[in-house]
Amino acid sequence: MQEQSIFGEEHVIQDERQLNTLNLGPTHPSTHGVFQNVLQMDGEIIVSSEPTIGYIHRAFEKLAERRPYYQVTPITDRLNYCSSPINNIGWHMTVEKLLQVQTPKRVDYMRVIIMELARIADHLVCNMVLGVDSGALTGFTYMFQERERIYDMYEEICGARLTTNIGRIGGFERDFTPGFRKKLEEFLAGFPKRFDEFDALLTRNRIFMDRIIGVGPISAERAVSYSFAGPNLRAAGVDYDVRVMNPYSSYQDFDFMVPIGTAGDTFDRFSVRQSEIRESLKIITQAYNNLPEGNFFADCPEFYLPKKQDVYNSMEALIWHFKIVMGEVDMPPGEIYHAVEGANGELGYYLISDGGRQPYRLHFRRPCFIYYQAYGEMIKGQMLSDAIMTMSSMNVIAGELDA
Amino acid sequence: MALNNEFLLEKLQAQFGAAILGSEQVSDYLNVEIDAAKNAEILRFLRSDAELNFMYLTDLCGVHMPDQTNRELGVVYHLHNLEENYRFRLKAWLPILDPSIETASDIWAGANWMERETFDFYGVIFKNHPNLKRILNVDHMEFFPLRKEFPLEDTTREDKDDRFFGR
Amino acid sequence: MVEAPDGIEGQGFFATSLDTVIGMARANSLWPLPFATSCCGIEFMATMGSNYDLARFGAERMSFSPRQADLLMVMGTIAKKMGPILKQVYEQMAEPKWVIAVGACASSGGIFDTYSVLQGIDKIIPVDVYVPGCPPRPEQIIDGVMRIQDLARSESLRRRSSEEYKQLLASYNIE
Numbered sequence: 001m002q003e004q005s006i007f008g009e010e011h012v013i014q015d016e017r018q019l020n021t022l023n024l025g026p027t028h029p030s031t032h033g034v035f036q037n038v039l040q041m042d043g044e045i046i047v048s049s050e051p052t053i054g055y056i057h058r059a060f061e062k063l064a065e066r067r068p069y070y071q072v073t074p075i076t077d078r079l080n081y082c083s084s085p086i087n088n089i090g091w092h093m094t095v096e097k098l099l100q101v102q103t104p105k106r107v108d109y110m111r112v113i114i115m116e117l118a119r120i121a122d123h124l125v126c127n128m129v130l131g132v133d134s135g136a137l138t139g140f141t142y143m144f145q146e147r148e149r150i151y152d153m154y155e156e157i158c159g160a161r162l163t164t165n166i167g168r169i170g171g172f173e174r175d176f177t178p179g180f181r182k183k184l185e186e187f188l189a190g191f192p193k194r195f196d197e198f199d200a201l202l203t204r205n206r207i208f209m210d211r212i213i214g215v216g217p218i219s220a221e222r223a224v225s226y227s228f229a230g231p232n233l234r235a236a237g238v239d240y241d242v243r244v245m246n247p248y249s250s251y252q253d254f255d256f257m258v259p260i261g262t263a264g265d266t267f268d269r270f271s272v273r274q275s276e277i278r279e280s281l282k283i284i285t286q287a288y289n290n291l292p293e294g295n296f297f298a299d300c301p302e303f304y305l306p307k308k309q310d311v312y313n314s315m316e317a318l319i320w321h322f323k324i325v326m327g328e329v330d331m332p333p334g335e336i337y338h339a340v341e342g343a344n345g346e347l348g349y350y351l352i353s354d355g356g357r358q359p360y361r362l363h364f365r366r367p368c369f370i371y372y373q374a375y376g377e378m379i380k381g382q383m384l385s386d387a388i389m390t391m392s393s394m395n396v397i398a399g400e401l402d403a
Numbered sequence: 001m002a003l004n005n006e007f008l009l010e011k012l013q014a015q016f017g018a019a020i021l022g023s024e025q026v027s028d029y030l031n032v033e034i035d036a037a038k039n040a041e042i043l044r045f046l047r048s049d050a051e052l053n054f055m056y057l058t059d060l061c062g063v064h065m066p067d068q069t070n071r072e073l074g075v076v077y078h079l080h081n082l083e084e085n086y087r088f089r090l091k092a093w094l095p096i097l098d099p100s101i102e103t104a105s106d107i108w109a110g111a112n113w114m115e116r117e118t119f120d121f122y123g124v125i126f127k128n129h130p131n132l133k134r135i136l137n138v139d140h141m142e143f144f145p146l147r148k149e150f151p152l153e154d155t156t157r158e159d160k161d162d163r164f165f166g167r
Numbered sequence: 001m002v003e004a005p006d007g008i009e010g011q012g013f014f015a016t017s018l019d020t021v022i023g024m025a026r027a028n029s030l031w032p033l034p035f036a037t038s039c040c041g042i043e044f045m046a047t048m049g050s051n052y053d054l055a056r057f058g059a060e061r062m063s064f065s066p067r068q069a070d071l072l073m074v075m076g077t078i079a080k081k082m083g084p085i086l087k088q089v090y091e092q093m094a095e096p097k098w099v100i101a102v103g104a105c106a107s108s109g110g111i112f113d114t115y116s117v118l119q120g121i122d123k124i125i126p127v128d129v130y131v132p133g134c135p136p137r138p139e140q141i142i143d144g145v146m147r148i149q150d151l152a153r154s155e156s157l158r159r160r161s162s163e164e165y166k167q168l169l170a171s172y173n174i175e
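Protein chains in written order, with the working numbering: chain A, 1 to 403; chain B, 1 to 167; chain C, 1 to 175.
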């Protein structure tokens, strides 16, 4: 029988062996989320796989056609729920593009700080869980505390921990409070050292490296053909980052690197995410230190709730308040595609507005859905335990997969 | 020669002439409308031509406009040339009684599931697709839910009290 | 530490009713099956973490196999495609078993009043405790587990073979 190479060469079946069928079912401790894979196995090696998704299809796109523009924000929360501020802010930017509203620089910098915190939170979850799947539970217990600190910061701004519904169309409802500033400064001071501890636990760990080097590789050409995006694409060697290619929200003002891998395997994906956490920390420090003066909201009275004092004293503000809360504001007709760099890659919003108070068509370009197609190709010829590690390292979030 | 709207339109019209039905600049991107019968050739040309070289298919989705007779269902492609950093949008309209169009999954591997999703939601048949089945909804569903005539809620519920739902 | 129940104490022995002892044992060693589908699952991970620590309540070992679990924690939206699977997992669990519906989606369908979402898991399996929230804070999830502990502590030993319970299961078409 041919020896199985760790770089996934074609596994030849000889002597007409009978294949096993294994159902890596929707409920499984290692599939983070509900998706099913029926695997054909030759002993321990996977010969082919057939994925089934849709176990958490909540019909977001149809739901969005029924809701006024502000009520769509809670839906976008539930797409990639590990980093929901990025989804919210991306949606608000899409609507601002439709309205042709320009946000002040201060809003851009505030948004950058929040989005990078969300990116750190998401990459932490992915790498922690990669450790847990290979048996290293300590990293999870330590790093979840960091996620709790980020949750505390979100609570200061918007009141919620996980599904944040953060910000407004045109900016934020209030400036950064002193409580938030204190927590952010403590985080920036203490996080690098604690993150280095987590890094030391896993990155150069002999057992962990043996487990994930050469596992689930994909070449750069196949990755581009499959429309991969985000850390998975960058691990394969293609430097495509929406923050650099089509900068939004003043990302061009910041100085940061985009880490790239070479082999596109699990170790590269893990390392790219670790490096991206450090780069995000750099961006947050730059943004916080250079926060420009100005307003924390743009000038769009049709969408931005007026101050409460004005609502009680001025007729115009009262009418705007009523119209905004009841969702009676009409949008200009148009067709917009806006993409942000989510934690998993290019998260796109394709909005068609026919001039009413609800979107006519809203389509989410979800990176998880698109790159999960390649999973069958990536695990072909690998062993079952490698398939689990590949799935964890791809950071498949069920909410984004099914929408 | 830099890749921009004029250059793209020139090349497409030179190669395909009548199959390019129109073009329009809508906010950031150029919308090019093509004849649905020729979409496979046009997409293959866009991918393989050395100067155009659209190696990245950003998105593939469907739209339903019930008021446009004979052109109700639309398939929208967002294409991106990573090296020149140029994007544009391609649209093909299909009649609702016979919505079939060639698949793009042999040109870009990522189009596979995106086309299955469009079939699931709108009923657009992609010819020569390797595995055209429903992907997100239950397999035995008979309707195409994102078409405008299909309701959002489950109509077979008996426990909804209309007093609480403002009806 | 759990307090000792009422009973008669003596030199080297402690006598109390069997119901109380078994109730105490069951309540303080519930093994949960985290059936985490979406966002509430991430809040569950926070509950399991060191800040909110569910392990203090006896739920140290998360069982992913229904055969070895007592408490089915359904966290997240259940779509109609997922319904039969949830029912199968419930049927595979051994008695006594409890079900806790965490989050608005599991309790009643939540914000997703659509054609593809099951409007509450109590349409297919009997539920003991509902924890509202979207997602509920870890403190609320722990509160839900404590209510299950109260139920487990005070449940009669004969309940699972009683006529009433059999009728409850029959109303859900569970044999």
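From the three backbone atoms N, C-alpha and C, an ideal C-beta is built for every residue, glycine too. Bear in mind that the values here come from a model prediction, so they are computed numbers and not experimental data.
For residue i, three-class secondary structure by DSSP
i: TYR248 of chain A; result: coil
i: GLN18 of chain A; result: coil
i: ASP42 of chain A; result: strand
i: CYS368 of chain A; result: helix
i: TYR464 of chain A; result: A query on residue 464 of chain A cannot be resolved here, the shown segment of chain A reaching from 1 to 403 and no further.
i: HIS321 of chain A; result: helix
i: PHE88 of chain B; result: strand
i: LYS81 of chain C; result: coil
i: HIS338 of chain A; result: strand
i: HIS78 of chain B; result: strand
i: HIS123 of chain A; result: helix
i: LYS62 of chain A; result: helix
i: MET406 of chain A; result: Residue 406 of chain A is absent from the structure shown; chain A starts at 1 and stops at 403.
i: ILE34 of chain B; result: strand
i: PHE7 of chain A; result: Bear in mind that the predicted position of PHE7 of chain A carries a pLDDT of just 40, short of 50, making it too unreliable to give a figure here.
i: ALA160 of chain A; result: coil
i: THR73 of chain A; result: helix
Cut-off 6 Å between Cβ atoms - residues of its own chain near residue i, not counting five sequence neighbours on either side
i: GLY109 of chain C; result: VAL117, GLN119, GLY120
i: VAL95 of chain A; result: TYR69, ILE169
i: GLU50 of chain A; result: VAL38
i: ILE6 of chain A; result: With a pLDDT of 41 at ILE6 of chain A, under the threshold of 50, the modelled position of that residue is not reliable, and the figure given next carries that caveat. Excluding residues within five positions, the ones whose Cβ falls inside 6 Å are GLY214.
i: LEU117 of chain A; result: ILE150
Neighbouring residues, chain A, relative to residue i (Cβ below 8 Å)
i: PRO130 of chain B; result: In chain order: nothing, as chain A lies at least about 11 Å away.
Closer than 8 Å at the beta carbon, the chain C residues around residue i
i: GLU153 of chain B; result: ASP113, THR114, TYR115
Interface partners of residue i on chain A, CB under 9 Å
i: THR47 of chain C; result: Simply none; closest approach about 10 Å.
i: VAL89 of chain C; result: THR27
i: PRO145 of chain B; result: ALA59, LYS62
i: SER27 of chain B; result: LYS97, LEU98, GLN100, GLY334, GLU335, ILE336, TYR337
i: TYR122 of chain B; result: Residues of chain A passing the Cβ test: none, with the nearest at roughly 11 Å.
Close-in-space but distant-in-sequence residues of the same chain around residue i (CB under 8 Å, 5 per side omitted)
i: ILE46 of chain A; result: LEU39, GLN40, ILE379, LYS380, GLY381, GLN382, MET383, LEU384, ALA387
i: ILE78 of chain C; result: THR37, LEU86, CYS105, ALA106, VAL117, LEU118, ILE121
i: THR285 of chain A; result: LEU188
i: LYS97 of chain C; result: ALA69, ASP70, LEU71, LEU72, TYR90
Environment of residue i [buried if 16+ CB atoms lie within 10 Å]
i: GLN406 of chain A; result: Given a span of 1 to 403 for chain A in the structure shown, any question on residue 406 of chain A remains unanswerable.
i: MET115 of chain A; result: buried
i: ALA37 of chain B; result: exposed
i: GLN100 of chain A; result: exposed
i: VAL272 of chain A; result: buried
i: PHE64 of chain C; result: exposed
i: ARG234 of chain A; result: buried
i: ARG17 of chain A; result: exposed
i: LYS80 of chain C; result: buried
Interface partners of residue i on chain B, CB under 7 Å
i: GLN140 of chain C; result: Correct list: empty, because the minimum Cβ distance to chain B is about 24 Å.
Partner residues on chain C for residue i, Cβ-Cβ distance less than 9 Å
i: VAL138 of chain B; result: ALA79, LYS80, LYS81, SER116
Own chain, CB closer than 7 Å to residue i, minus 5 neighbours either side, in chain order
i: THR156 of chain B; result: none
i: GLU146 of chain A; result: LEU124, PHE191, ARG194
Residues that residue i contacts on chain A, provided the C-beta gap is smaller than 7 Å
i: ILE85 of chain C; result: PRO26, THR27
The region 113 to 123 of chain B in contact with the region 81 to 90 of chain B per 3-pair CB rule at 8 Å:
no
Taking 8 Å as the cut-off, does the region 128 to 140 of chain B touch the region 41 to 60 of chain A (at least 3 CB pairs, one atom from each stretch)?
yes
Counting pairs of Cβ atoms below 8 Å between the region 283 to 303 of chain A and the region 131 to 146 of chain A, do you hit three or more?
no
Would you be able to state if there are at least three C-beta pairs under 8 Å between the region 75 to 88 of chain A and the region 222 to 241 of chain A?
no
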